[in-house]
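All you need for this note's numbering is the position in the sequence shown, starting with 1, plus 238. Report on the following structure.
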Amino acid sequence: MQKNLLLSAVLFLTAHNLFAQTIVFEDDFESGSGNWASYEDWDVTDEYAFSGSYSLTESPDDDTYEATIEQITTMIPTVDLTLTLDADVKFKAMLDLEEGFDFTYLEVSIDAGSTWTTVATFNGEDMFEWTEYIIPLGGFVGHPEVKLRFRFDPDDFVEYDGMYIDDIVITKYNIDNSPPLILHDALILNEGTLEENNLNADIIDISGIASAELFYSVDGSAYTSVDGINTAFDNYLFTVPEQEPGAFVDYYITATDDYGSPNTAVSDTFTYISGNYVSYDDATVDFVYDVGELTFREEVAVKFTFEGETDLVAAVIRNYTDPGKLNDSITIHVWEDDGGYPGDDLITPFTLYPEATFSAPYIGTKIDLRPYADVLSGIEGDVFIGYSCDSVAWLTYTSTGLLNRSYYSSSGYWYEFVGDFHFRAITSEIEGAPVANFMYDLAGEPVVEFTDLSTSSPDDWYWDFGDGVTSSATDPVHEYLSNGTFNVCLTVTNDVGEDSYCEIITIDSYLPPDAEFSFFGDPVVSFNDASANDPSSWYWIFDDDETSTEQNPVHTYAANGEYYVCLTAYNVTGSDSKCYLVTIDGYEVTPVTDFTYEVNDNVASFTDLSLNTPTEWNWVFGDGASSDLQNPIHFYDDEGDYEVCLTTANGAGENTMCKTIQVVVDIEDAASMGITIFPNPANDFIQLQFVETVSEKNISIYNSTGVLMQEMNNNTQVLFIDVKKYPEGIYYIYIQYGNTNGIATVSINH
């Protein structure tokens with residue numbers, strides 16, 4: 239399947255003209271294997287090379303690789319395909335791997351190596367011509383940590399030369415030329431069901447999926463389509479209606495992306511047979527086995543036991559081939575039981591050719607038994623299905639080490655075989671087998687109650703809830719962890735047989751997040767998520783080139799400023815974002831000095847207007863005086879122009895600004911106004927005596943730095959002022975009454 243998918247994808251790419259391509263990884267191995275982390279023997283070799291002298295191989299030191307041991311080599315660097323619409327990987331390779339048994343897989347990881355998806359399978363012998371392989375990676379773009387690895391997986395026996403790889407190049411493109419990637423696991427041996435058949439595929443494309451359809455044909459009739467249901471993420475469910483038991487149903491899947499110029503992918507064609515499958519092995523291939531007249535095993539058979547009446551409508555026999563193990567036609571038999579061994583033929587034996595090919599060496603051979611309904615309807619008990627061959631035809635088997643249900647004949651006698659041949663019987667419903675059915679209750683969604691309604695007394699139940707969880711309870715209760723469309727299947731079993739029934743249920747009770755947060759602190763800010771509807775992951779953008787995925791991060795800003803902080807909260811249902819403006823001013827910044835002033839006569843009042851929170855002030859008034867107050871008042875003795883400078887400072891630095899002020903003195907000396915001040919110097923009190931009584935006098939006392947110490951209103955001729963608590967120093971007494979202003983200087987000494 240993957241090999242055919244690879245070739246069709248290569249053809250598709252070569253038909254398109256690619257633009258704006260960028261190489262994001264390349265390795266010609268001339269500098270060794272330093273770009274690769276290898277498990278076991280992978281390394282460079284000079285035995286073969288497409289260009290230069292070296293290539294990469296799993297067997298660099300021997301002529302052949304080592305059987306049994308899985309070997310892996312993984313890219314060490316990751317490639318970023320986030321801002322990309324398409325990508326591919328190209329390389330040259332030669333192959334010599336045991337046909338059908340030893341394989342090398344190219345696998346891709348989108349999470350730096352945690353999980354892997356197989357995109358190409360390599361197998362073949364004597365392919366010693368260098369071949370270019372182009373593998374689309376369009377299904378993996380949009381991810382930041384993409385890696386490739388080669389995984390070599392041999393069987394336990396024959397050893398060949400191996401695989402050689404050279405000139406590997408990963409290229410990304412800014413247009414989407416790749417069709418969607420369709421990942422579908424084919425039914426190993428064409429297993430179908432009695433009821434409608436639910437088939438799943440992962441369909442991936444960076445541009446989204448516009449449509450997905452499954453086309454099916456019943457017994458060669460015209461194809462009919464069914465639409466896929468996007469159950470969750472990249473998964474699509476296709477339901478093929480119930481067909482009659484034994485019907486051969488061919489199907490393929492198409493998907494078209496949602497790019498401006500749509501790209502369509504078409505899968506390989508697969509086949510299943512409708513009906514009830516009966517088998518006694520796990521389909522593990524341990525060995526192959528030759529059968530025919532040219533061997534000592536002329537015939538082979540598997541015993542099938544039907545506990546109730548049924549119609550045997552088809553069979554599958556798993557053959558094998560490779561260039562050294564070719565098949566002839568085989569003759570199909572259905573034998574009746576003869577004392578525990580095959581007896582007489584129930585049908586007229588007929589001949590067909592095994593379906594196994596070199597590219598699909600393990601494929602089952604489908605056998606239509608509906609033409610023999612007259613003898614194979616209503617059968618019960620033991621029957622044997624198998625084949626004979628006039629020369630040689632190969633089959634696969636699992637080596638169990640036990641006698642089970644497989645038989646071979648030699649020289650006319652039947653013998654039990656140690657191991658299990660991979661044969662299948664397909665029937666109609668077996669009488670007495672359970673008929674699966676159930677109901678469910680969504681009242682407590684997302685908790686769903688399931689009730690078994692199966693008939694014919696099942697004694698074993700297997701529930702698959704469609705989300706990776708299973709149960710063996712009769713009536714389970716299951717909680718879904720996300721919204722989605724889920725295909726729920728119940729398989730019931732009793733001693734007669736088993737049956738399955740599926741229904742699609744929809745869970746939509748989960749709400750997307752409603753993002754919200756709070757914050758405090760400066761410049762170390764604590765952010766607290768307050769989003770509703772149970773987000774499961776968070777992405778913070780702090781607007782300073784820093785981000786976080788913590789729920790409640792603490793972030794330190796390096797500078798003052800305004801920052802637009804955004805939180806995006808996610809859960810399985812969706813996402814939501816919320817942004818707030820965060821102001822950081824907790825860092826000390828050098829002040830920007832400014833001030834204003836007002837001059838009345840010889841008194842100047844200064845007001846600090848400096849920015850960035852200064853903590854210190856130094857005023858120089860231009861007359862030899864200074865002050866460390868923030869907003870001082872200064873008395874000038876003389877008229878004139880004075881350059882006043884203010885220096886402000888804080889922990890971050892200092893800054894100075896100067897302005898020129900003009901002082902015009904329109905004030906008298908108190909003595910000239912007939913005002914007597916006694917004593918001067920003063921100790922405990924000052925007496926002010928006016929030559930006349932006036933109705934109102936306004937008196938203000940300032941210290942030498944301009945600090946207002948006291949002010950009062952008085953209308954007496956003699957005024958006593960208590961100065962016992964004044965610090966020693968020079969003080970200015972400013973007197974105003976009527977239209978007259980006066981000033982006096984007094985010294986206080988205690």
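Built from N, CA and C at the ideal position, the CB exists for glycine as well.
- With fewer than 16 other Cβ atoms inside 10 Å of its own Cβ, GLY562 counts as exposed.
- By the Cβ criterion, the segment 451-458 is not in contact with the segment 414-426, since fewer than three pairs of Cβ atoms, one from each stretch, lie closer than 8 Å.
- By the criterion of at least three beta-carbon pairs nearer than 8 Å, the segment 427-439 is not in contact with the segment 366-385.
- Taken through DSSP and simplified to helix, strand or coil, ASP612 comes out as helix.
- Annotation for ARG643: the continuous beta strand (DSSP E) segment containing it runs 631-648.
- Under the DSSP assignment, TYR371 falls in the beta strand (DSSP E) whose first and last residues are 362-374.
- Contact annotation: the segment 682-698 does not touch the segment 640-655, with fewer than three C-beta pairs closer than 8 Å.
- Following the DSSP letters along the chain, one finds PRO580 inside the beta strand (DSSP E) bounded by residues 579-583.
- In this structure, SER769 sits away from ASN732, with a CB-CB distance that is not shorter than 8 Å.
- Residue ILE668 holds the alpha-carbon nearest to the alpha-carbon of PHE542 among ILE668, TRP632, ASP628, THR477.
- Close CB contacts of ILE913 within its chain, under the 8 Å cut and outside five residues either way in sequence, are with LEU926, GLN927, PHE928, VAL929, ILE973, GLY980, ALA982 (chain order).
- Fully enclosed beta strand (DSSP E) runs of no fewer than 3 residues occupy 736-745, 755-758, 762-767, 775-779 of the segment 728-780, in order along the chain.
- Per DSSP, reduced to three states, the secondary structure at GLY619 is strand.
- Listed as beta-bridge partners of LEU294 by DSSP are VAL282, ILE403.
- As computed with DSSP, GLU800 is found in a beta bridge with THR821.
- ASP814 places its beta carbon less than 8 Å from that of ASP752.
- Within the DSSP bridge table, the entry for HIS793 names VAL763 as partners.
- In this structure, the alpha-carbon of ALA908 lies about 10 Å from that of THR978.
- In the DSSP assignment, the residues bridged to ILE605 are ALA553.
- Annotation: GLU268 is outside any beta strand (DSSP E) and is labelled neither H nor E by DSSP.
- Within the model, the alpha-carbon separation for GLY619 versus ASP575 is close to 8 Å.
- In the structure shown, ALA485 falls within a coil segment according to DSSP collapsed to helix, strand and coil.
- As DSSP reads the structure, CYS883 sits in a beta bridge with VAL858, CYS896.
- GLY498 places its beta carbon 8 Å or farther from that of VAL551.
- Looking at the DSSP output, THR320 sits in no beta bridge, so it has no partner there.
- Only residues of its own chain outside the window of five on either side were considered, and among them VAL282 have a CB closer than 7 Å to the CB of GLY270, listed in chain order.
- Distance from the CA atom of TYR515 to the CA atom of PHE288, rounded to whole angstroms, is 49 Å.
- The residue from GLU788, TRP699, GLY577 with its alpha-carbon nearest to that of TYR808 is GLU788.
- When the Cα atoms are used, VAL734 and GLY546 turn out to be separated by approximately 6 Å.
- ALA448 is positioned such that its CB atom lies closer than 8 Å to that of PRO500.
- Rounded to the nearest whole angstrom, the CA to CA distance from ASP349 to ILE314 is 13 Å.
- Counting along the chain, HIS872 sits inside the beta strand (DSSP E) bounded by residues 871-873.
- According to DSSP, residue pairing for GLN974 in a beta bridge involves ASN936, ASN979.
- A distance of 8 Å or more separates the beta carbons of VAL538 and TYR610.
- Of the residues ALA796, ASN798, TYR835, the one whose Cα lies closest to the Cα of THR898 is TYR835.
- CA-CA distance, ASN642 to PHE655, rounds to 7 Å.
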